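*Asks:* The sequence shown runs 1 to 285 under UniProt numbering.
Backbone N, C-alpha and C fix where the C-beta goes; we use that ideal spot for every residue, glycine too.
These figures come from a predicted structure and were not determined experimentally.
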Amino acid sequence: MSASMTAKTECWIAADFTDGHLVIWAMTGETVSERAETCCPADGIMTALDDLRAQLGAAHATAPVMLSGAETTAAIAVPAKPAELPVVAMGETDVHLIAGLSQNSPVARMGGAATRIAGFLSLNPNWDGVICLPGETTHWALISANEVVSFQSFLTAGLWRALAPQLGLDPLETAATAATSALTGAMESVQSRPEAMAARVAELQADQSGSPQDRAARLWGLLLGAELSAARPYWLGQNIALVSPAEIEPAYAAALGHQGIPLTRTDGERMALAGLVSAWRTLSA
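(1) Apart from the five residues just before and just after Cys-11, which ones in its own chain have a Cβ nearer than 8 Å to its Cβ?
(2) What number of angstroms, rounded off, separates the C-alpha of Leu-52 from the C-alpha of Glu-188?
(3) Which one or two residues does DSSP pair with Asp-267 in a beta bridge?
(4) Measure the alpha-carbon distance for Ile-45 versus Val-23 and round it to whole angstroms.
(5) Residue 289 and Ala-274: beta carbons closer than 8 Å?
(6) Quick one: give me the first and last residue of the beta strand (DSSP E) that Arg-35 is part of.
(7) By Cβ distance, which residues of its chain are closer than 7 Å to Ile-261, with the 5 residues on each side in sequence left out?
(8) For the pair the segment 202-213 and the segment 93-107, tell me if three or more CB-CB distances fall below 8 Å.
(9) Let me confirm a value: Leu-224 is counted as buried when at least 16 other C-beta atoms fall within 10 Å, else exposed. Which label applies?
(10) Per DSSP, Phe-154 forms a beta bridge with which residues?
(11) Taking the straight line between their C-alpha atoms, what separation do you get for Arg-281 and Met-110?
(12) Figure out for me which residue from Ala-251, Gln-213, Asn-124 has the closest Cα to the Cα of Ser-278.
(13) Note down the Cα distance separating Arg-116 from Arg-232, rounded to an integer number of angstroms.
(14) Could you check if Ser-2 is buried or exposed, using at least 16 other CB atoms within 10 Å of its CB as the buried criterion?
(15) Comparing alpha-carbon positions, which option in Leu-283, Gln-259, Gly-119, Ser-33 lies nearest Leu-183?
(16) So does the segment 79-86 actually touch the segment 241-251, counting three or more Cβ pairs closer than 8 Å?
(17) Within the segment 214-261, note down every full alpha helix (DSSP H) run reaching 4 residues or more, in order along the chain.
(18) Give the secondary structure of Met-46 by DSSP, where H, G and I count as helix, E and B as strand, and everything else as coil.
(19) On a CA-only basis, which of Lys-81, Val-65, Leu-101, Glu-71 is nearest Glu-92? Give me that one, please.
(20) Check Thr-9 in the structure and name its three-state DSSP category.
(21) Thinking C-alpha only, which one of Ala-230, Trp-140, Val-148, Leu-283 is nearest Asn-126?
(22) With C-beta atoms as the reference, is Ala-157 less than 8 Å away from Leu-133?
(23) Cutting at 6 Å between CB atoms, please list the residues of its own chain near Ser-153, excluding the five before and the five after it.
(24) Helix or strand or just coil, what does DSSP make of Ser-25?
(25) DSSP puts Asn-104 in a beta bridge; with which residues?
(26) Just mark Gln-191 as buried or exposed, buried being the case when its beta carbon has 16 or more other beta carbons within 10 Å.
(27) Let me know the secondary structure DSSP gives Leu-273 once reduced to three states.
(28) Residues in the same chain with beta-carbon distance under 8 Å from Arg-270, minus the five sequence neighbours each way, listed in chain order, please.
What follows is the structure, given as C-alpha cells:
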C-alpha cells in the first residue's frame, strides 16, 4: 500500500464503478471538494479514470485512488464483515481496489455492492436485517452482527432491458415513470403463480393496449413479482433497507411497499462514497 493512502492530511480520490457508470470524488481527508462522472465499459475503467482525474484540480490530478466495483477485484467468501474487506494495490499503479464478496451456495458474487453495504453499516452501526441493492444485478444481503451472512442475486433489471425491445418499449426508459397501480397489479398476477411469468410476459407482448409507461410498469411488475417470490425468505418479517440508484428505486419501493414492508430508503451513490471513506479511514487509522 502506498504511503500516500495512509495519511489523513493527504489528498485522495474515491471512485465507484457501477453498471457502466464511473463516479469519482476528489477528497481531502473525509471532505469532498469535487465530483466527476462518465459512462464507460468495464474494460475501459482505467482510461475513463485517467480522463476524469485530468479534470480535477492540480492537488488531485495525481492523487491515489480508492476504487470499488472493478470486475478484476478479488472477492472473499461470506460470512464476512464489509468493514474489513481487503484493499489491494493494482499492480504498480496508484489505484487501490476494494475486494467484493462471493458465495458458494447458491453461487453468487458482488463487487461494488459490497462497498455500498459497508457504507450503510458505517452510518448505521449494529444494524441487523436485509439490505436490498437494486442494479443491473440486484442483491439481497442478510446482515447480522455487522456481517453479510448470505446473499441472493437477481438479474431483474437486465431482463427488463433485454425484454423491453420485444415488447416495443424503450430499454433505456427508467423505472421512475412506472405507474404504481400497473406495476403492483402485474406483480400480484405473478406472485400467485411464479411459474407463469414467461406466459404473462407473452400476454403483455400480444396486448398492445395502454401507454408505453403503463406497459413498462407492467413488465417491471411481472419481473419484480418473480424476484420477490424467490427472495421471500429474505424480506418476510425482516427489517429492510433499500440502497438503490435513483433511476430504479421507484419500482423496487413500490413493489416492497405493496407487500407492506417498512423500508429504510437511501441513495446508492451516497452509500458507495460512505463505503469508500470507511475503507480509507481503516487504512489511515
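*Replies:* Based on what the coordinates show:
(1) Translated into the one-based positions of the sequence shown, residue 11 becomes position 11. Leaving aside the five residues that flank Cys-11 on each side, the residues in its chain whose CB is nearer than 8 Å to its CB run, in chain order, Ala-26, Met-27, Thr-28, Ala-59, His-60, Ala-63.
(2) Position 52 of the sequence shown, counted from the start, is the residue given in the question as residue 52. Position 188 of the sequence shown, counted from the start, is the residue given in the question as residue 188. Going from the Cα of Leu-52 to the Cα of Glu-188 covers about 44 Å.
(3) Mapped onto the sequence shown, residue 267 falls at position 267. As DSSP reads the structure, Asp-267 sits in a beta bridge with Ser-244.
(4) Locating residue 45 in the sequence shown gives position 45, counting from the first residue. Locating residue 23 in the sequence shown gives position 23, counting from the first residue. Computed Cα separation, rounded: 11 Å.
(5) Here the chain covers residues 1 to 285 and nothing more, so residue 289 does not appear.
(6) Here residue 35 is taken as the residue at index 35 of the sequence shown, counted from 1. That run of the beta strand (DSSP E) goes 31-39.
(7) Taking the first residue of the sequence shown as position 1, residue 261 is located at position 261. So the qualifying residues of the chain are Trp-235, Ile-240.
(8) Cβ pair count under 8 Å is below three, so no.
(9) In the sequence shown, the residue the question calls residue 224 occupies position 224. Leu-224 counts as buried, since at least 16 other C-beta atoms from the protein chains shown sit within 10 angstroms of its C-beta.
(10) Here the question's residue 154 lines up with position 154 in the sequence shown. Per DSSP, Thr-138.
(11) Indexing the sequence shown from 1 puts residue 281 at position 281. Indexing the sequence shown from 1 puts residue 110 at position 110. Looking at the backbone, the Cα of Arg-281 and that of Met-110 are separated by about 22 Å.
(12) Walking along the sequence shown from the start, residue 278 turns up at place 278. Nearest of Ala-251, Gln-213, Asn-124 to Ser-278, Cα basis: Asn-124.
(13) Against the sequence shown, residue 116 aligns to sequence position 116. Against the sequence shown, residue 232 aligns to sequence position 232. Each residue's alpha carbon lies about 22 Å from the other.
(14) Locating residue 2 in the sequence shown gives position 2, counting from the first residue. Bear in mind that a pLDDT of 44 at Ser-2, under 50, signals an unreliable position, so the number given afterwards is only what the model happens to contain. Ser-2 counts as exposed, since fewer than 16 other C-beta atoms from the protein chains shown sit within 10 angstroms of its C-beta.
(15) Translated into positions along the sequence shown, residue 183 becomes position 183. Closest by alpha carbon: Gln-259.
(16) These segments do not touch.
(17) Listed in chain order, the alpha helix (DSSP H) elements of length 4 or more contained wholly in the segment 214-261 are 232-235, 249-258.
(18) Walking along the sequence shown from the start, residue 46 turns up at place 46. Here Met-46 carries a helix assignment [DSSP, helix/strand/coil].
(19) Within the sequence shown, the letter at position 92 stands for residue 92. Ranking Lys-81, Val-65, Leu-101, Glu-71 by Cα distance to Glu-92 puts Val-65 first.
(20) As a working note, residue 9 is residue 9 in the sequence shown. Any reading at Thr-9 needs caution, since the residue's pLDDT is 48, under 50, leaving its predicted position unreliable; the model's value is listed next. In the three-state DSSP reduction, Thr-9 falls in the coil class, being neither helix nor strand.
(21) Taking the sequence shown and counting its residues from 1, the one referred to as residue 126 is at position 126. Comparing Cα-Cα distances from Asn-126 to each of Ala-230, Trp-140, Val-148, Leu-283, the minimum goes to Val-148.
(22) For the purposes of this step, residue 157 is identified with residue 157 of the sequence shown, where counting begins at 1. For the purposes of this step, residue 133 is identified with residue 133 of the sequence shown, where counting begins at 1. Between Ala-157 and Leu-133, the CB-CB gap reaches or exceeds 8 Å.
(23) The residue labelled residue 153 in the question sits at position 153 within the sequence shown. Closer than 6 Å at Cβ, skipping near neighbours: Ala-108, Thr-137, His-139.
(24) Here the question's residue 25 lines up with position 25 in the sequence shown. Correcting the residue identity first, residue 25 is Trp in this sequence and not Ser. Trp-25 carries a strand assignment under DSSP once its states are collapsed to helix, strand and coil.
(25) Position 104 of the sequence shown, counted from the start, is the residue given in the question as residue 104. In DSSP, Asn-104 forms a bridge with Val-107.
(26) By one-based count along the sequence shown, residue 191 stands at place 191. Result: buried.
(27) Here the question's residue 273 lines up with position 273 in the sequence shown. Of the three classes helix, strand and coil, the one that applies to Leu-273 here is helix, per DSSP.
(28) Taking the first residue of the sequence shown as position 1, residue 270 is located at position 270. Spatial neighbours of Arg-270 in its own chain (CB-CB distance under 8 Å, excluding positions within 5 residues in sequence) are listed in chain order as Gly-119.
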